[in-house]
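Notes to accompany the following structure.
The following block contains the structure:
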């Protein structure tokens with residue numbers, strides 16, 4: 001169940017939690033397929049829970065309806081929760097928080113279906129990313145220095161990492177060949193990774209990211225996860241590509257069935273991925289991609305998608321790879337919409 005689907009479901013359920021005299025005031029058709037479907041003049045907005053609250057989705061529609069019909073928001077929210085839990089198969093639980101907000105938790109089956117949808121359609125709001133083949137590896141190209149934009153590469157200063165934590169450039173692999181960035185990367189339906197460029201283009205990416213976020217280009221040029229939001233997002237995408245490559249070498253393929261049940265970090269990440277579809281403005285989209293990147297880093301730290309040490313590959317790793325793959329699809333779609341490269345290597 002996507003946010004748009006839950007929004008339409010709530011729109012259908014709401015008249016049943018109102019008295020007969022009030023229900024007639026909240027009928028009519030909203031824009032089909034919209035994540036903010038209308039009930040009369042009320043918008044049903046479904047988003048990820050604020051402040052890392054419980055559940056997969058949250059809505060404050062009870063406050064809007066309460067103001068219109070003169071009933072307590074808490075009471076309406078409780079009745080809405082009861083309806084959602086009793087009548088909607090994809091809803092595993094619903095609870096009232098903050099005096100009238102409704103937080104919704106999906107069933108495991110609905111989470112698996114959502115994960116597959118996100119992977120197949122990218123951000124569900126941008127063009128669906130196709131999967132591209134891993135770029136060919138050739139001799140290292142000569143690159144022109146960009147002293148005003150490019151700081152010392154992060155990987156040279158990073159502490160040692162374990163096999164599945166290495167920087168997404170894949171230790172020991174030669175750099176990729178230069179690419180004509182005026183032409184979109186070609187896609188192959190038989191490959192495994194989301195659409196990517198072999199590497200980033202700081203001279204193009206930094207000004208574009210700065211233009212939509214208002215951040216200082218000099219700060220964005222400092223290529224560390226702590227300093228640069230652009231680097232965090234691109235690094236997260238490159239890390240996903242690295243995980244998928246290394247997973248294939250271990251015989252691990254993403255499998256959404258293994259992703260559930262989700263722990264708190266995984267649930268938070270999945271909620272942010274699903275929330276991407278409602279965000280269309282460039283500035284909010286860039287900030288949301290940064291939030292996704294940070295949530296993915298937290299998820300990766302507590303739920304490593306690849307086995308470590310003597311650990312054997314299993315269903316849990318395949319499920320975590322599926323969540324990583326969905327993250328890569330959402331990041332690639334968002335970066336593409338902003339005109340910024342989604343690198344497979346950094």
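Residue numbers (the UniProt record's numbering): 1 to 346. All residues carry an ideal CB built from backbone N, CA and C; glycine is no exception. Note that the structure is predicted; figures quoted are calculated from it, not measured.
Taking residue i as the reference, which of the options has the closest Cα?
| i | options | result |
| --- | --- | --- |
| residue 5 | 267, 51, 47 and 339 | 47 |
| residue 1 | 101, 100, 264 and 92 | 92 |
| residue 10 | 50, 49, 51 and 57 | 57 |
| residue 305 | 239, 215 and 111 | 239 |
| residue 291 | 230, 66, 215 and 89 | 230 |
| residue 266 | 281, 295 and 311 | 295 |
| residue 243 | 79, 88 and 303 | 303 |
| residue 51 | 268, 299 and 311 | 268 |
| residue 16 | 78, 59, 49 and 60 | 78 |
| residue 298 | 313, 320 and 65 | 320 |
| residue 337 | 80, 59, 246 and 277 | 277 |
| residue 356 | 101, 110, 74 and 49 | It is not possible to answer for residue 356, since the shown part of the chain is limited to 1 through 346. |
| residue 346 | 247, 312 and 225 | 225 |
| residue 211 | 247, 241, 246 and 281 | 281 |
| residue 312 | 247, 301, 279 and 12 | 247 |
| residue 18 | 65, 49 and 3 | 65 |
| residue 204 | 301, 49, 7 and 341 | 341 |
Is it true that the CB of residue j sits closer than 7 Å to the CB of residue i?
| i | j | result |
| --- | --- | --- |
| residue 206 | residue 217 | yes |
| residue 108 | residue 260 | yes |
| residue 237 | residue 309 | no |
| residue 318 | residue 263 | no |
| residue 316 | residue 258 | yes |
| residue 82 | residue 106 | no |
| residue 70 | residue 101 | no |
What is the C-beta distance between residue i and residue j, in whole angstroms, given that I count them as a contact (C-beta under 8 Å)?
| i | j | result |
| --- | --- | --- |
| residue 54 | residue 95 | 7 Å |
| residue 119 | residue 332 | Between residue 332 and residue 119 the Cβ distance is about 11 Å, and since that is not below 8 Å, they are no contact. |
| residue 208 | residue 334 | Between residue 334 and residue 208 the Cβ distance is about 13 Å, and since that is not below 8 Å, they are no contact. |
| residue 68 | residue 42 | 7 Å |
| residue 213 | residue 98 | That pair is no contact at about 29 Å. |
| residue 307 | residue 200 | Actually they do not touch by this definition, with Cβ atoms about 29 Å apart. |
| residue 202 | residue 221 | 7 Å |
| residue 233 | residue 293 | 5 Å |
| residue 13 | residue 80 | 7 Å |
Could you check if residue i belongs to the surroundings of the ligand NAD, using beta carbon to heavy atom distance under 6 Å?
| i | result |
| --- | --- |
| residue 301 | In the structure shown, the ligand NAD is absent, as is every other ligand, since no ligand is present at all. |
Touching or not, the region 281 to 293 and the region 243 to 260, by the rule of three or more beta carbon pairs under 8 Å? They do not touch, by the three-pair rule.
Report yes or no: do the region 108 to 120 and the region 259 to 276 share at least 3 C-beta pairs separated by less than 8 Å? Short answer: they touch.
Alpha helix (DSSP H) runs wholly inside the region 229 to 312, at least 4 long, in chain order: Listed in chain order, they are 229 to 249, 264 to 275 and 282 to 302.
For the region 32 to 109, which segments carrying the beta strand (DSSP E) assignment without a break, of at least 3 residues, lie completely within its bounds, in sequence order? Segments of the beta strand (DSSP E) lying fully in the region 32 to 109: 57 to 59, 91 to 97 and 101 to 106.
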